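>
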Amino acid sequence: MLQIAYGEANFENLRKRNNFFIDKTRFIPLMEKVQKFFFIRPRRFGKSLWISVLMAYYDINGKEKFDELFDGLYIKENPTDYKNSYLVLKFDFSGLNTVSLESLRNDFNGRIRSSVEQLFRSYGSIFGNEFYIQFLEKSENMSASTMIDFLKKESTNTGNRVYTFIDEYDHFANKLASEGREAFVRDIISQTGFVRDFYEQLKIGSGEGVFERFYITGVSPIMLDELASGFNIMSNMTTDYDYNEMLGFTQEEVKGILDQVSDDKFIIKTKEEVFEDLVQYYNGYKFNPITEVTVFNSDMVVYFFQHFSRHGYPDEILDLNVKTDYSKLRGLIVGTSGKKKLQEIIEELNEKSVIEVDLVQRFNFEKRFDDNEIKSLLYFFGLLTYKGIEEMVIPNHVIKVLFWEYLRNFLEEEKEIEFHIEPLKKALKAMAKEGNPEYLKDLAEEFFFTKLSSYDYSNLSEKHIKILFLSYFTLSKLYNIVSEREIGERKRIDLLFEANPAYYNYVLYNFIVEFKYIRKTDSEDKTKKKREEAIEQAKENYEIYKQNFKQFGRELRSVALVVSHTQGVELMKLGGF
Numbered sequence: 031m032l033q034i035a036y037g038e039a040n041f042e043n044l045r046k047r048n049n050f051f052i053d054k055t056r057f058i059p060l061m062e063k064v065q066k067f068f069f070i071r072p073r074r075f076g077k078s079l080w081i082s083v084l085m086a087y088y089d090i091n092g093k094e095k096f097d098e099l100f101d102g103l104y105i106k107e108n109p110t111d112y113k114n115s116y117l118v119l120k121f122d123f124s125g126l127n128t129v130s131l132e133s134l135r136n137d138f139n140g141r142i143r144s145s146v147e148q149l150f151r152s153y154g155s156i157f158g159n160e161f162y163i164q165f166l167e168k169s170e171n172m173s174a175s176t177m178i179d180f181l182k183k184e185s186t187n188t189g190n191r192v193y194t195f196i197d198e199y200d201h202f203a204n205k206l207a208s209e210g211r212e213a214f215v216r217d218i219i220s221q222t223g224f225v226r227d228f229y230e231q232l233k234i235g236s237g238e239g240v241f242e243r244f245y246i247t248g249v250s251p252i253m254l255d256e257l258a259s260g261f262n263i264m265s266n267m268t269t270d271y272d273y274n275e276m277l278g279f280t281q282e283e284v285k286g287i288l289d290q291v292s293d294d295k296f297i298i299k300t301k302e303e304v305f306e307d308l309v310q311y312y313n314g315y316k317f318n319p320i321t322e323v324t325v326f327n328s329d330m331v332v333y334f335f336q337h338f339s340r341h342g343y344p345d346e347i348l349d350l351n352v353k354t355d356y357s358k359l360r361g362l363i364v365g366t367s368g369k370k371k372l373q374e375i376i377e378e379l380n381e382k383s384v385i386e387v388d389l390v391q392r393f394n395f396e397k398r399f400d401d402n403e404i405k406s407l408l409y410f411f412g413l414l415t416y417k418g419i420e421e422m423v424i425p426n427h428v429i430k431v432l433f434w435e436y437l438r439n440f441l442e443e444e445k446e447i448e449f450h451i452e453p454l455k456k457a458l459k460a461m462a463k464e465g466n467p468e469y470l471k472d473l474a475e476e477f478f479f480t481k482l483s484s485y486d487y488s489n490l491s492e493k494h495i496k497i498l499f500l501s502y503f504t505l506s507k508l509y510n511i512v513s514e515r516e517i518g519e520r521k522r523i524d525l526l527f528e529a530n531p532a533y534y535n536y537v538l539y540n541f542i543v544e545f546k547y548i549r550k551t552d553s554e555d556k557t558k559k560k561r562e563e564a565i566e567q568a569k570e571n572y573e574i575y576k577q578n579f580k581q582f583g584r585e586l587r588s589v590a591l592v593v594s595h596t597q598g599v600e601l602m603k604l605g606g607f
């Protein structure tokens, strides 16, 4: 029976409770070739859990628990010479108080104090109780860098080496940047800044052989440039070919999870069909430009299986916790470049399936981030991924939906457009229950001629105008809507409304919608041609899709939706009526 512990980042807890765990320990010997390891991955990609795995493996106090914790894992049968040979020291910089410089300094010092105190307490047999008491007495008046110096001296006296882990190294900097306080970031990492002093002491300790190994992780490299001169000892392995699959799940690993789900969950869809949905929803990430192996976002997969193993498909295919995180990241991009720049990039993504990006690994807070820097941040945040060398794409369906939501937010905030849920619910309910698309016409008329009546369409492609309309539908979860659905023979469906499997009892009809936009400047012949194309495509794509793709008990219908600023909206019922 599959036991999911969603959100659990403690390796020992997972193993003792016999929870589901994907074995990535084959990467441990590979990692040991790099003593100062810097590694960036998007939010909720298993970074904290991986730190917990490494700490359990290297902790000198973990020798007696090793066999139990690592039983059945690769590293149990292939241990390295460094197994259980380090004092492990972990810092976590998430959730620091950034209200003021003083509050951040105090909270930062508190985190360092807590971590060093934990180390002295854990290794009391090595340091002796007197050093622990001495640290408690003195540390209240110590700065972060002084505490590291204190630890360095005591560790030198004992002859033990320290493996230092830093989780969420960039969390507070990201938060400050999202609030437009880049100058604040520069201050704390400048030559006189307390964060820089902390890292410089770690560097000194590294040079003296005390802090022998480092593993530092976060979601962006925005602090790397500022830290470079004070802490220039790290090897950035973020886009290294060998570590592409170290975090996240491969296709074979996801298939292995599916094999642990009871057979009664595969009644409507087979195991292979559920897997194909997962590929569409959550796969597609590449962290190296030449690798052929894509990985799934691990949090999204665990979220899915937590629901699927008990009740079937989740109502929301995107975990709301992930959506909240991405909203914060949107704030960071807006804070460092402005809403207009982000909107321009979203428009470019709507126009092109592949965009050019020369990945930026160092960011300078002295100026606003430019187009290429923003695209690079989108990559680090998991909103873009490699297609090839200097080529990037949106990785999967849930991230596409997220961009559509960003577009809707832009229309709401910048154009002051109100999106009312009731007309949308009315239209989708009629489509889902009755197979009646008539209200879709009403929805389009209100959207284009009332809500967006003053919108300038002159420089927008038909595809972009379609995506504007599509952004409205992100308010509902009845249908999983796919734009530009490939159906073979170089053919694509403009908008495919597929029932969300969580609502199969409610949604009885799937829809193909072929969309055409008639410009004011289009001639009569061009208008006629576009209308005929919409009709032909709706008919042809209906036949292809019906013959080659399963509907899982739904009926399929197709319509042509033609929007004209001179003739209004025309909706033509074609296939399946």
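Going letter by letter, the sequence shown gives residues 31 to 607 in the numbering used here. Heads up, the beta-carbon is just placed ideally off N, CA and C, and yes, glycines get one too. Since this is a predicted model, take the numbers as computed values, not measurements.
1) Pick from Ser594, Ile542, Glu563: whose alpha carbon is nearest that of Ser588?
2) Is the distance from the Cβ of Tyr502 to the Cβ of Leu454 below 8 Å?
3) Can you check whether the CB of Gly465 is closer than 8 Å to the CB of Leu538?
4) Would Asp200 and Val249 be called neighbours here (beta carbons separated by less than 8 Å)?
5) Quick one: give me the first and last residue of the alpha helix (DSSP H) that Asn351 is part of.
6) Are the segment 52–69 and the segment 104–118 touching by the rule of at least three beta carbon pairs closer than 8 Å?
7) Are the segment 70–81 and the segment 192–199 touching, with three or more C-beta to C-beta distances below 8 Å?
8) What does Glu600 pair with, by DSSP beta-bridge criteria?
9) Between the beta-carbon of Phe410 and the beta-carbon of Pro72, is there less than 8 Å?
10) My parser needs the alpha helix (DSSP H) runs of 4 or more residues fully inside the segment 51–126; what are they?
11) Return the Cβ separation of Phe41 and Tyr245 in integer angstroms, given the expectation that the two are a contact with Cβ distance under 8 Å.
12) Among all the DSSP beta bridges, which residues are the ones paired with Val291?
13) Within the chosen definition, does the segment 569–586 reach the segment 378–387 through at least 3 CB pairs nearer than 8 Å?
14) Is Glu514 helix, strand or coil when you go by DSSP?
15) Given this structure, state the Cα-to-Cα distance separating Lys301 from Ser292, to the nearest angstrom.
16) Compute the beta-carbon to beta-carbon distance between Ala525 and Ile548, rounded to the nearest angstrom, for a pair I have assumed lies under 8 Å.
17) Could you check if Met31 is buried or exposed, using at least 16 other CB atoms within 10 Å of its CB as the buried criterion?
18) When you compare the CB of Val309 with every CB in chain D, is at least one pair closer than 8 Å?
19) Using only the alpha-carbon positions, how far apart do Glu238 and Gln290 sit?
20) Once the 5 residues before and after Lys430 are set aside, which same chain residues still bring their CB inside 6 Å of it?
21) Restricting to Cα atoms, I'd like to know which of Leu348, Phe395, Ile376 is closest to Gly365.
22) Which residues does DSSP list as the beta-bridge partners of Ala529?
23) Since I believe Glu306 is in contact with Lys507 (beta carbons under 8 Å), could you give me their beta-carbon distance rounded to a whole number of angstroms?
24) Note down the Cα distance separating Met422 from Tyr416, rounded to an integer number of angstroms.
25) Which one or two residues does DSSP pair with Phe20 in a beta bridge?
26) By DSSP, does Tyr539 sit in helix, in strand, or in coil?
27) Expressed to the nearest angstrom, what Euclidean distance is found between the alpha-carbon atoms of Glu303 and Thr321?
28) Identify, in the order they occur along the chain, each residue of the same chain with its Cβ nearer than 6 Å to the Cβ of Met253, setting aside the five sequence neighbours on each side.
29) Measure the C-alpha to C-alpha separation of Gly598 and Lys559 and round it to an integer number of angstroms.
30) Quick check on this structure: which residue in Tyr88, Met461, Glu566 has the alpha carbon closest to the alpha carbon of Asn540?
31) Specify whether the segment 327–340 and the segment 308–319 touch according to this definition: at least 3 beta carbon pairs, one from each stretch, less than 8 Å apart.
32) Would you tell me roughly how many angstroms separate the C-alpha atoms of Asn274 and Met177, rounded to the nearest one?
33) For the putative contact between Ala474 and Val593, defined by C-beta atoms under 8 Å, what is the C-beta separation to the nearest angstrom?
34) Based on the DSSP output, what are the partners of Glu381 in its beta bridges?
35) So, Leu232 versus Phe241, is the Cβ gap smaller than 8 Å?
36) Would Val284 and Leu348 be called neighbours here (beta carbons separated by less than 8 Å)?
With the structure as the only source:
1) Cα-wise, what sits closest to Ser588 is Ile542.
2) Against a cut-off of 8 Å, the Cβ pair of Leu454 and Tyr502 comes out as a contact.
3) With contacts defined by Cβ atoms closer than 8 Å, Leu538 and Gly465 form a contacting pair.
4) Yes, they are a contact pair.
5) In this chain, the alpha helix (DSSP H) harbouring Asn351 covers 350–367.
6) Contact between the segment 52–69 and the segment 104–118 is present, because at least three Cβ pairs lie under 8 Å.
7) Yes, the segment 70–81 touches the segment 192–199.
8) Glu600 is bridged to Val592.
9) Yes, these two residues count as a Cβ contact at 8 Å.
10) If only complete runs of 4 or more residues are kept, the segment 51–126 shows the alpha helix (DSSP H) at 57–61, 77–88, 96–99, 104–107, in order along the chain.
11) Not quite, the Cβ-Cβ distance comes to about 14 Å (not below 8 Å), so this is no contact.
12) The partner list for Val291 (beta bridge, DSSP) is empty, contrary to what the question assumes.
13) With the cut-off at 8 Å, the segment 569–586 and the segment 378–387 do not touch.
14) If DSSP states are grouped into helix, strand and coil, Glu514 belongs with the strands.
15) Cα to Cα, Lys301 sits roughly 10 Å from Ser292.
16) This sequence places Leu at residue 525; Ala is not what is there. Rounded to the nearest angstrom, the Cβ distance from Leu525 to Ile548 is 17 Å, too far for a contact under 8 Å.
17) Met31 is exposed by the Cβ-count criterion.
18) Judged by its chain identifiers, the structure shown contains no chain D, having just a single protein chain.
19) In a straight line, the C-alpha of Glu238 is about 49 Å away from that of Gln290.
20) Counting only Cβ-Cβ distances below 6 Å, and skipping sequence neighbours, we find Ile424.
21) The residue with the shortest Cα to Cα distance from Gly365 is Phe395.
22) BP columns for Ala529 point to Tyr509.
23) Actually they do not touch by this definition, with Cβ atoms about 20 Å apart.
24) About 5 Å.
25) A question about residue 20 goes unanswered here, because the residues of the chain that appear run from 31 up to 607.
26) Strand at Tyr539.
27) Roughly 26 Å between the two C-alpha positions.
28) Take Met253, set aside five residues on each side of it, and the residues of its chain with a beta-carbon closer than 6 Å to its own are Asp200, Ala203, in chain order.
29) Distance between the alpha carbons of Gly598 and Lys559: 17 Å.
30) The residue with the shortest Cα to Cα distance from Asn540 is Met461.
31) Three or more Cβ pairs drawn from the segment 327–340 and the segment 308–319 lie within less than 8 Å of each other, which places the two stretches in contact.
32) Cα to Cα, Asn274 sits roughly 36 Å from Met177.
33) That belief holds up - the Cβ atoms of Ala474 and Val593 are roughly 6 Å apart, short of 8 Å.
34) According to DSSP, which records beta bridges pairwise, Glu381 is partnered with nothing at all.
35) Contact: yes.
36) No, the Cβ-Cβ distance between Val284 and Leu348 is not below 8 Å.
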